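**Student:** Positions 213 to 352 (this note's numbering) are the ones given, in order, by the sequence shown.
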Amino acid sequence: MTDTAGLPRSAGAPEQLRRTVPLLQVNSISETLAYYVDALGFSVDFCWPSEGPAKWAMVSRAQVSFMFTIDLGTSSSRFIAEKGNGVVLYVMIDDVKALYSELVGRGAIIVQDVHEFGGREQFSVADVNGYVIAFSQEFR
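1) By how many angstroms is the C-alpha of ASP307 removed from the C-alpha of GLU314?
2) Taking just the CA atoms, how far does GLN228 sit from ALA251?
3) For VAL323, I'd like the list of residues in its chain whose CB is within less than 8 Å of its CB, leaving aside the five on either flank, ordered along the chain.
4) Could you tell me the alpha carbon to alpha carbon distance between PHE258 and ALA269, rounded to whole angstroms?
5) Using the Cβ count rule (16 or more neighbours within 10 Å means buried), how would you classify THR244?
6) Looking only at its own chain, which residues have a Cβ that is under 7 Å from the Cβ of PHE254, when we skip the five neighbours before and after it?
7) Give me the DSSP bridge partner(s) of ILE282.
The following block contains the structure:
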């Protein structure tokens with residue numbers, strides 16, 4: 213089965229998938245939350261445990277969410293890469309220039325200014341753990 217662009221598409225049962233929420237391993241939950249709230253404009257949804265040092269947290273802004281966890285002893289696995297290594301998270305947005313201005317004003321770590329790429333206008337920020345988030349808008 214193909215879609216209107218002629219690309220392969222799965223046939224079968226109705227979709228059960230709703231959205232992706234990446235779980236990112238971080239060095240410090242508190243430092244990470246401070247950056248996502250102050251520099252990127254996210255809100256903290258959950259933090260666990262509620263008392264003592266946090267081991268897991270979730271932030272959201274509009275329909276975009278990220279979960280964070282500290283290293284709980286899984287880093288020795290050959291499947292766990294260095295934090296932030298090779299990961300770029302794409303967030304599709306409506307107004308790239310407005311968000312760019314907002315995040316610059318908040319002190320976000322800008323790693324790529326607004327530019328054109330693949331028929332889109334986008335820019336990228338880094339977080340305090342080395343993860344890169346690209347904010348991308350289709351040309352109108």
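Glycine included, each C-beta is placed from N, C-alpha and C at the ideal position.
Being a predicted model, the structure only gives us computed values, none of them experimental.
**Tutor:** On the basis of the supplied data:
1) For this step, residue 314 is matched to residue 102 along the sequence shown. For this step, residue 307 is matched to residue 95 along the sequence shown. GLU314 and ASP307 have their C-alpha atoms some 11 Å from each other.
2) Locating residue 251 in the sequence shown gives position 39, counting from the first residue. Locating residue 228 in the sequence shown gives position 16, counting from the first residue. Near 34 Å, if we compare the C-alpha coordinates of GLN228 and ALA251.
3) On the sequence shown, residue 323 is found 111 positions in, with the first residue counted as 1. Cβ neighbours of VAL323 beyond the five flanking positions: SER336, VAL337, ALA338 and VAL344.
4) Here residue 258 refers to the residue found at position 46 when the sequence shown is read from its first residue. Here residue 269 refers to the residue found at position 57 when the sequence shown is read from its first residue. For PHE258 and ALA269, the distance between alpha carbons rounds to 5 Å.
5) The count along the sequence shown starts at 1 and reaches residue 244 at position 32. That one is buried.
6) What you label residue 254 is simply residue 42 of the sequence shown in a count that begins at 1. Within the same chain, PHE254 has close Cβ partners TYR248, VAL271, SER272 and ARG273.
7) Numbered from 1 along the sequence shown, position 70 holds the residue referred to as residue 282. Paired residue(s): VAL238.
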